[in-house]
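Residue numbering for the sequence shown follows our numbering, starting at 85 and increasing by one per position.
First comes the structure, then the notes that go with it.
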Amino acid sequence: MNKKAILLVNLGSPLSPKVGDVRRYLRQFLMDGRVINKSYLFRWMLVNLVIAPFRSRKSAKAYRAIWSGNSFPLIRTGHEVAAKLQLALGDEYEVYLAMRYQQPSIESILTEIQSKGFSSIKVIPLFPQYASATSGSVVQEVMRIVSRWAVIPKITFVDKFYDAPLFSKAFTSIAKSHTNIATYDAFIFSYHGIPKSQLGAGTRDHVCLNTLCEYCERITADNEYCYRAQCVRTTQRIARALRLPVARAVTSFQSRLGREEWTGPYTHDVIDAFGMQGKKKILVFSPAFVADCLETTIEIGEEYKDMFHQQYGGTLDLVPSLNTNPVWIQLLRELAIDAAIPTSAAGSKIVPLTKLDISLN
Numbered sequence: 085m086n087k088k089a090i091l092l093v094n095l096g097s098p099l100s101p102k103v104g105d106v107r108r109y110l111r112q113f114l115m116d117g118r119v120i121n122k123s124y125l126f127r128w129m130l131v132n133l134v135i136a137p138f139r140s141r142k143s144a145k146a147y148r149a150i151w152s153g154n155s156f157p158l159i160r161t162g163h164e165v166a167a168k169l170q171l172a173l174g175d176e177y178e179v180y181l182a183m184r185y186q187q188p189s190i191e192s193i194l195t196e197i198q199s200k201g202f203s204s205i206k207v208i209p210l211f212p213q214y215a216s217a218t219s220g221s222v223v224q225e226v227m228r229i230v231s232r233w234a235v236i237p238k239i240t241f242v243d244k245f246y247d248a249p250l251f252s253k254a255f256t257s258i259a260k261s262h263t264n265i266a267t268y269d270a271f272i273f274s275y276h277g278i279p280k281s282q283l284g285a286g287t288r289d290h291v292c293l294n295t296l297c298e299y300c301e302r303i304t305a306d307n308e309y310c311y312r313a314q315c316v317r318t319t320q321r322i323a324r325a326l327r328l329p330v331a332r333a334v335t336s337f338q339s340r341l342g343r344e345e346w347t348g349p350y351t352h353d354v355i356d357a358f359g360m361q362g363k364k365k366i367l368v369f370s371p372a373f374v375a376d377c378l379e380t381t382i383e384i385g386e387e388y389k390d391m392f393h394q395q396y397g398g399t400l401d402l403v404p405s406l407n408t409n410p411v412w413i414q415l416l417r418e419l420a421i422d423a424a425i426p427t428s429a430a431g432s433k434i435v436p437l438t439k440l441d442i443s444l445n
């Protein structure tokens, strides 16, 4: 068979907003050694005795707010994107969608792909910036599964795509179509945070110990996999495309979990700082997410919005994620056929397995 399989993979959602389903999702997600990179015993006790029992009920309430049509936005949007990409690619390709956690699982989809005998598989983790806890985890899970196959076809991975020209173009077009940029006096680019201890895994000779460092202001051959540096670069590209004043476009991080120090500055602290400076209208971008989900719709769109209004009487608006934007589908098509051209040596590219941070243990 000469047909090629394209596997899109996102993070995943619980099967339902029921507390039990949310607890199972949290356990599977947080027991991933790339998400919480501690010893297995410590991780097991932390997740099963502390986080899952106490956090699942609160998270279930938030998930109920975005539950519609017997599904969550992340899953529905994922299927819509896969269908649109299939139309864009044509009969030479077959597009599949999987979730790293819960359903549809990577294993179930790869089993289906294996049964059809494709000549090649291209895996596209739907995370713009590379991080060990996201793209790295997807690669590890895919290789864990296919390593058991008798015949392993050619497999390639897209490691990151934040620097592909169409990525910033897509966010720019969405922002312009949903808002009047000129009416805002501050701009926040909020990314999902990771523990600061994980930042050093993305650099060669540099371990990130400080909230700010010279490496984060530019991408080099030494730090192209540093998550924070990639986020700063993403902010710079989108802000430049929108002609935003550099001093008013801040990179920050949200969704902190636990007491360990995470990537900073934290989004809620940046909102506080803008409020104390007298800013009254903030526009927030969330370029770590390609589809609206709990972190965008609830955390930013409701919690941060209410916080800013109640404490400072201001307005905070969220730029929608890429979702099914046509430019985003065009970018995925280019990634699928190896046509996405990066703007720098550290931009979007297809990489061999050996270049990624992978452990099959």
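Cβ coordinates follow ideal geometry from the N, Cα and C atoms, glycine included.
When C-alpha distances from Ser140 are compared across Tyr180, Ala167, Val103 and Leu194, the shortest belongs to Val103. If you check the CB distance, Val119 and Ala217 come in under 8 Å. Looking at the backbone, the Cα of Ala331 and that of Asp390 are separated by about 24 Å. DSSP places Asp401 in the uninterrupted beta strand (DSSP E) bounded by Thr399 to Leu402. Taking a C-beta distance under 8 Å as the contact criterion, Ser339 and His276 qualify as a contact pair. By the Cβ criterion, the region 105 to 117 is in contact with the region 141 to 150, since at least three pairs of Cβ atoms, one from each stretch, lie closer than 8 Å. Going by DSSP, Thr240 is part of no alpha helix (DSSP H) but of the beta strand (DSSP E) stretching over Lys238 to Lys244. In this structure, the beta-carbon distance from Tyr396 to Gly359 falls below 8 Å. Taking the Cα of Pro137 as reference, the smallest distance to any Cα among Leu114, Phe156 and Gly153 is reached at Leu114. By DSSP's assignment, Leu181 forms a beta bridge with Leu92. Comparing alpha-carbon positions, the option among Pro349, Met227, Ala333 and Tyr214 lying closest to Lys365 turns out to be Ala333.
Contact annotation: the region 118 to 134 does not touch the region 410 to 423, with fewer than three C-beta pairs closer than 8 Å. Residue pairing of Pro279 in beta bridges, as defined by DSSP: Trp346.
Per DSSP, Pro209 is not a residue of any alpha helix (DSSP H); the beta strand (DSSP E) it occupies stretches across Ser204 to Pro209. Per DSSP, Gln361 lies in no beta strand (DSSP E) segment and is marked neither H nor E.
Ile272 has Val334 and Val368 as its beta-bridge partners, per DSSP. The residues Leu181, in chain order, have a CB closer than 7 Å to that of His163 in the same chain once the five nearest residues on each side in sequence are set aside. The three-state reading of DSSP puts Ser261 in helix, counting H, G and I together.
By the Cβ criterion, the region 188 to 202 is in contact with the region 225 to 241, since at least three pairs of Cβ atoms, one from each stretch, lie closer than 8 Å.
If you check the CB distance, Ser336 and Ala375 do not come in under 8 Å. At least 8 Å separates the beta-carbon of Phe245 from that of Pro371. When the Cα atoms are used, Ser100 and Ser155 turn out to be separated by approximately 7 Å. Shown here for Pro209: same chain residues with a beta carbon closer than 6 Å to its own, the five before and five after excluded, namely Val93, Ser219 and Val222 in chain order. With contacts defined as CB atoms closer than 8 Å, Tyr177 and Gln314 fail to qualify as a contacting pair.
If you draw a straight line from the Cα of Pro349 to the Cα of Gly201, it is about 47 Å long. If the five residues before and after Ala166 are omitted, its C-beta is found closer than 8 Å to the C-beta atoms of Leu92, Val179, Tyr180 and Leu181, all from its own chain and listed in chain order.
Residue range Ser221 to Val230 is occupied by the alpha helix (DSSP H) that includes Met227. Just so you know, the alpha carbons of Thr408 and Thr161 end up roughly 7 Å apart.
For Trp128, same chain residues with a beta-carbon under 8 Å away, outside a window of 5 residues either side, are Met115 in chain order. Put simply, the backbone Cα of Pro410 is about 43 Å away from that of Ser123.
Comparing alpha-carbon positions, the option among Gln320, Lys238, Val242 and Asp105 lying closest to Lys253 turns out to be Gln320.
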